[in-house]
Amino acid sequence: MDVYEAVDSRRAVRAFSDEPVPRETLERVLAAATRAPSSGNLQPWHVYVVTGEPLAGLKERATARALAGDPGDEREYPMYPADLAPPYLDRFSAAAAQRYAALGIERDDPERPRRIAALNAEAFGAPVVLFCYLDRAMGPGQWGDAGMYLQTVMLLLRAEGLHSCPQVMWTMYRRTVSETVGADDGLALFCGVAVGFEKEGVPRLRTGRVDMTETVSFIGA
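So the mapping is simple: my numbering equals the position in the sequence shown, first residue as 1, plus 9.
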């Protein structure tokens, strides 16, 4: 798989099979991902790879919180700006409608928030979840580094025939995650990334993207 194919085939998968992911595959991916860009070579990411019984227990506790209507732990950073406006709001709304329709959750379902939270808490059935933390002393530049690192990881996973789904949702249950991974208090949870093989026989969602001309300007060419 070349880089273009990896980029084109990467998408947030929300239905994983229970086929285990070999540890050596994960180690190969994460070792290669250390070459991701990092301003000043700080390499600010701290990653915990959770699978097996620890992950099953974490999913169980997080799902129980979700189904109980637990609003989650206080946010350490906002998922989205409070005053999100067009065209970003339009893109967000369109993608959300597609995403949850594919999962069989209707917009007017009164249980929609709980059902969405529970599906996320199960990591969509993924047998592995990577939890990415950053030192609380780090700033926006290092958060950008973490994003580039995780994109590198997700592309390498595609080269191995695996899929992924980045989940900022885990920050809602960050205390429950911390109980499992034992993260130092000096670290802030950035997100989780569900990893595994895609489950066969389920609807495959591929959200659209705006044309390049809407986001890119060429100057002097």
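Here a beta-carbon is modelled for each residue, glycine too, at the ideal position from N, C-alpha and C. Predicted model, so just to flag it, every value in this text is computed and none were measured.
What would DSSP say about residue i, mapped onto helix, strand or coil?
i                 : result
serine 102        : helix
phenylalanine 231 : In the structure as shown, the chain starts at 10 and stops at 230, and residue 231 therefore has no counterpart that could be examined.
valine 138        : strand
alanine 197       : strand
glutamine 107     : helix
Enumerate in chain order the residues of its own chain whose CB-to-CB distance from residue i is below 7 Å, with the five nearest sequence positions on each side excluded.
i           : result
valine 30   : Pro136, Val137, Leu171, Val204, Gly205
threonine 6 : Here the chain comprises residues numbered 10 to 230, so residue 6 is not present and cannot be evaluated.
Would you tell me roughly how many angstroms separate the C-alpha atoms of residue i and residue j, rounded to the nearest one?
i            : j             : result
leucine 139  : arginine 23   : 15 Å
valine 190   : glutamine 151 : 22 Å
tyrosine 158 : aspartate 79  : 31 Å
leucine 76   : glycine 49    : 43 Å
valine 38    : leucine 166   : 7 Å
leucine 164  : alanine 45    : 11 Å
proline 53   : glutamine 176 : 19 Å
Less than 8 Å between C-beta atoms, sequence neighbours within five positions excluded: which residues of the same chain meet that for residue i?
i           : result
leucine 249 : Past the boundaries of the shown model lies residue 249; the chain is included only from 10 to 230, so the question cannot be answered.
leucine 198 : Glu85, Phe140, Cys141, Tyr142, Trp179, Thr180, Arg183, Val186, Ser187, Ala192
arginine 9  : The chain is shown only over 10 to 230; residue 9 falls outside these bounds and no answer can be derived.
Counting C-beta neighbours from all protein chains within 10 Å, is the total for residue i 16 or more, i.e. buried, or is it exposed?
i           : result
glycine 201 : buried
alanine 65  : exposed
Looking at residue i and the ligand ADP, is the gap between the Cβ and the nearest heavy atom below 6 Å?
i            : result
arginine 183 : With respect to small molecules bound, the structure shown includes none, and the ligand ADP cannot be examined in it.
Point to revise | Three-pair Cβ contact test at 8 Å for the stretch 206–217 versus the stretch 62–72 | key: no
Review point. For the stretch 223–230 against the stretch 169–187, are there 3 or more C-beta pairs whose distance is under 8 Å?
Key: no
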